[in-house]
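Peer 1: Pasting in a structure now, in structure tokens, and then I'll have a few things to ask.
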Amino acid sequence: MKNNGNSSLASQTKNVLSKNNIKLKSSLGQNFLIDDNKQKQIINFANLTKKDTVLEIGPGIGTLSLELAKHAFKVICIEQDKLVADILESRIEENSINNIEIINEDALKVDFPKFNKVVSNLPYQISSPITFKLLDYSFDKAVLMYQKEFADRMLSTAGEKNYSRLSVMLAFRVNVEFLMNVPKECYMPKPKVNSTVVKLTPNYKYNLENKEDKQLFEYYAKIAKALFQHKNKKAENALINSRHEIGYNDKKELKKILEDIKTDKLTNYLSQRPVNLSPEEILELTKLLKDFILI
Ligand code: SAH
39 MKNNGNSSLA SQTKNVLSKN NIKLKSSLGQ NFLIDDNKQK QIINFANLTK KDTVLEIGPG
99 IGTLSLELAK HAFKVICIEQ DKLVADILES RIEENSINNI EIINEDALKV DFPKFNKVVS
159 NLPYQISSPI TFKLLDYSFD KAVLMYQKEF ADRMLSTAGE KNYSRLSVML AFRVNVEFLM
219 NVPKECYMPK PKVNSTVVKL TPNYKYNLEN KEDKQLFEYY AKIAKALFQH KNKKAENALI
279 NSRHEIGYND KKELKKILED IKTDKLTNYL SQRPVNLSPE EILELTKLLK DFILI
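To convert, note that position 46 of the sequence shown is 84 in this note's numbering; the numbers rise steadily by one, no gaps.
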């Protein structure tokens, strides 16, 4: 059956898959969106104009891409699977679309071309590294679908159950907002997990071009890593137990340094549990400790 653009996403997807006789790879997170409403909502969240260049990671057979192309100046799709990329290519041709570029590569391994928005139903197994990779680029906003549990960690603030190193690492780079949940029934084949769409807006609290900011952010990352390896212990014990993350082998040496530099402020932070320290407090703690971080 020819896709006339009116049939539902579910039947279009079924047709495309059976026509190409393709065996989907769960190792690449190949679950395709088949819910017309969710597709529309995701496109709307991006507020596209004909000036936007959109980056899409893991386009699959183009469920979002073909629609994005109607509203944006250009869409750049990075798809790792050659078979899937070929299907996308032929659908682009069938629909006479001329503003989609496909890059058939692993998105973790290529440099991204210039873009100002990101819209993607991300392959779940690369959620963390691809998010951090995106943060090295400057852009206006990203509308991203993640596994719900991952999004919950992105969205949590201090004291909440899902507050984590991920929440802390994102805080100074982007604002994270919840947009909507997407149940697993909205995909073909149906995955084991539900999804959540979030919006990331860079907050530019850090200028990574600035050497001092960059250094401080690296220290902040190390302190956060050490703290969240023991997020329910007191911060002092967490740091001492994970001392290798900040360059110490000798427990006594770090203990003595923390004793020597103790101020009321430092004592206050160190007596709390990492789960209760806000990103701002972890940054303050980093500033107090930065001269003693050895790596
Ligand atoms: N966005 C589409 C498809 C989601 S499935 C939709 O909503 O329907 C995820 C897609 O990401 C698959 O096509 C898979 O082949 C691709 N993919 C997985 N890992 C990737 C990687 N590292 N780089 C680029 N694409 C990847």
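Just so you know, even glycine gets a beta-carbon here, dropped at the ideal spot from N, CA and C.
1) Is it buried or exposed, ASP329, if we count other Cβ atoms within 10 angstroms and call 16 or more buried?
2) Measuring only the C-alpha atoms, how far is LEU66 from PRO161?
3) Give me the Cα-Cα distance between LYS199 and LEU71, rounded to the nearest whole angstrom.
4) Let me know the secondary structure DSSP gives GLN68 once reduced to three states.
5) So, is ASP19 buried or exposed, given that buried needs 16 or more other C-beta atoms within 10 angstroms?
6) At the level of alpha carbons, what is the spacing between ALA107 and LYS303?
7) Considering just the uninterrupted stretch of the beta strand (DSSP E) at ALA180, what are its terminal residues?
8) Would you mind reading off the limits of the beta strand (DSSP E) that contains ASN159?
9) DSSP three-state label for GLU274, please.
10) For PRO221, count neighbouring C-beta atoms within 10 Å of its own C-beta (all shown protein chains included) and say buried if the count is 16 or more, exposed if not.
11) For PHE83, verify whether its CB is less than 7 Å away from any heavy atom of the ligand SAH.
12) In chain order, what residues of the same chain lie with their CB nearer than 6 Å to the CB of LEU323, ignoring the 5 residues before and after it?
13) Verify whether the separation of the beta carbon atoms of LYS207 and ALA262 is less than 8 Å.
Peer 2: Answer, in terms of the structure:
1) As a first step, residue 329 is located in the sequence shown; it is residue number 291 there, counting from the start. Classification for ASP329: exposed.
2) For this step, residue 66 is matched to residue 28 along the sequence shown. For this step, residue 161 is matched to residue 123 along the sequence shown. Distance between the alpha carbons of LEU66 and PRO161 is about 7 Å.
3) Position 161 of the sequence shown, counted from the first residue, corresponds to residue 199. Position 33 of the sequence shown, counted from the first residue, corresponds to residue 71. Each residue's Cα considered, the two are about 29 Å apart.
4) As a first step, residue 68 is located in the sequence shown; it is residue number 30 there, counting from the start. Three-state DSSP puts GLN68 in coil, outside helix and strand.
5) Residue coverage of the chain in this structure runs from 39 to 333, which leaves residue 19 outside it and unanswerable.
6) Within the sequence shown, numbered from 1, the residue matching residue 107 stands at position 69. Within the sequence shown, numbered from 1, the residue matching residue 303 stands at position 265. Roughly 53 Å between the two C-alpha positions.
7) The count along the sequence shown starts at 1 and reaches residue 180 at position 142. Note, ALA180: beta strand (DSSP E), 179 to 185.
8) What you label residue 159 is simply residue 121 of the sequence shown in a count that begins at 1. For ASN159, the uninterrupted beta strand (DSSP E) segment begins and ends at 155 to 159.
9) Position 236 of the sequence shown, counted from the start, is the residue given in the question as residue 274. Three-state result, GLU274: helix.
10) Indexing the sequence shown from 1 puts residue 221 at position 183. Burial call: exposed.
11) In the sequence shown, the residue the question calls residue 83 occupies position 45. Not one heavy atom of the ligand SAH falls within 7 Å of the beta-carbon of PHE83.
12) Here residue 323 refers to the residue found at position 285 of the sequence shown. TYR307, listed in sequence order.
13) Looking up residue 207 in the sequence shown gives position 169. Looking up residue 262 in the sequence shown gives position 224. The sequence shown places Met at residue 207, not Lys. It is a contact, given that the beta carbons lie within the stated cut-off.
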